[in-house]
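Every number in my numbering is 30 more than the matching position in the sequence shown, counting from 1.
C-beta: ideal position from N, C-alpha, C; glycine also.
Take a look at the structure set out below.
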Amino acid sequence: MKTIGIIGLGNMGFALWQYLQQNEYDVVVYDPYVKAEEKVKQLDDISEIWQRASIVLVCVKPNKVQEILRTAEKATKVVSIAAGVSITSMAESLPTGSAVVRLMPNLPLLVGQGCIGYFGAEELYLDVEEVFSQVGKVFRLNSEQAMDAFTAIAGSGPAFVLAFAQAMAEGGVLSGIPYQESLQWVLQTMQGTVALLGSEMEKNPAMHPGTLRNRVTSPGGTTIEGLKYLEKGKMNYVVMEAVYQTYLKAKGK
31 MKTIGIIGLG NMGFALWQYL QQNEYDVVVY DPYVKAEEKV KQLDDISEIW QRASIVLVCV
91 KPNKVQEILR TAEKATKVVS IAAGVSITSM AESLPTGSAV VRLMPNLPLL VGQGCIGYFG
151 AEELYLDVEE VFSQVGKVFR LNSEQAMDAF TAIAGSGPAF VLAFAQAMAE GGVLSGIPYQ
211 ESLQWVLQTM QGTVALLGSE MEKNPAMHPG TLRNRVTSPG GTTIEGLKYL EKGKMNYVVM
271 EAVYQTYLKA KGK
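Listed below in structure tokens is the structure:
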């Protein structure tokens, strides 16, 4: 049985622990910064993680990564979820012979629907795909630079989607619908639309979201009236700029 080590039990670390310990892995955990929930049994010392685990998932804040990696006592396989911490800088903090992969998961992995991008030492790719395919869909990136764009879209994207859902639900309230009822309508509409787009893209990978949007939009109808207001508010520009500014932040600019 493969032993997976997790250092850091914040939102992502805890979510990964929940899923992996339900599968056929021996999962050992340690967090030097926060007290884990009572049901999580931590090791007594971080050195035990490096000694026992065949792969170590580093899930601490970016400013703590180097400090954690310098505690490694032997060459090991490391997967880091820290945004903005380069593979080169991590390798410099680890014993010679270590292998490093940068990985960006997102919050929907809490329900097994994560969007997960990775890049780094190719010798770890099969391990990464085996472990993380259990909590979502994994994407092999073609460069470390692509990690910053992936962070902007997949890492921060759930917050953008939730902000849009909140706005739509409040539009329902403005139209006289109780908030919770409006939010349920929004949720089902979003889930159904994503499923439809995914189904159409399976049949035709070149399918454009605008093509499906046009199917909903009748001449002089209600939908085009709403789209007119989204255009007036420069929704496309605002969303594109939000993603781009998030990308720049991920790059450290």
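Item                                                                                               : Value
Element boundaries [alpha helix (DSSP H), containing Thr253]                                       : 252-262
Given Ala179 as reference, the closest of Thr276, Ser123, Ala151, Val70 once Cα atoms are compared : Thr276
Closest by C-alpha distance to Ala176, when choosing among Leu133, Asp74, Glu232, Asn234           : Leu133
Burial state of Asn41, where buried means 16 or more other Cβ atoms lie within 10 Å                : exposed
The beta strand (DSSP E) enclosing Leu87, as first and last residue numbers                        : 85-88
Stretch pair the stretch 198-209 + the stretch 144-163: three plus CB contacts closer than 8 Å     : no
C-alpha distance - Val161 paired with Leu213, whole-angstrom precision                             : 34 Å
Pick from Lys91, Ser77, Val95 that is closest to Glu103, judged by C-alpha positions               : Ser77
Beta-bridge partners of Ile36, as assigned by DSSP                                                 : Val59, Leu87
Top-ranked residue by Cα proximity to Asp61, from Leu139, Leu50, Gln52, Gly43                      : Gly43
Enclosing alpha helix (DSSP H) for Val158 [first to last residue]                                  : 155-162
Residues bridged to Tyr148 (per DSSP)                                                              : Leu133, Arg170
Contact check, Ala113 vs Thr33, beta carbons under 7 Å                                             : no
Delimiting residues of the beta strand (DSSP E) encompassing Val165                                : First-last for Val165: undefined, no H or E at that position.
Rounded separation between Glu13 and Lys107 - CA only                                              : Outside the displayed span of the chain (31 to 283) sits residue 13, for which this structure offers no information.
Bridge partner(s) assigned by DSSP for Gln72                                                       : Val59
Distance between Val130 and Gln164 (C-alpha atoms, nearest Å)                                      : 20 Å
Length of the line joining the Cα atoms of Trp285 and Asn93                                        : Look at the range of the chain in this structure, 31 to 283, and you will see that residue 285 is not part of it.
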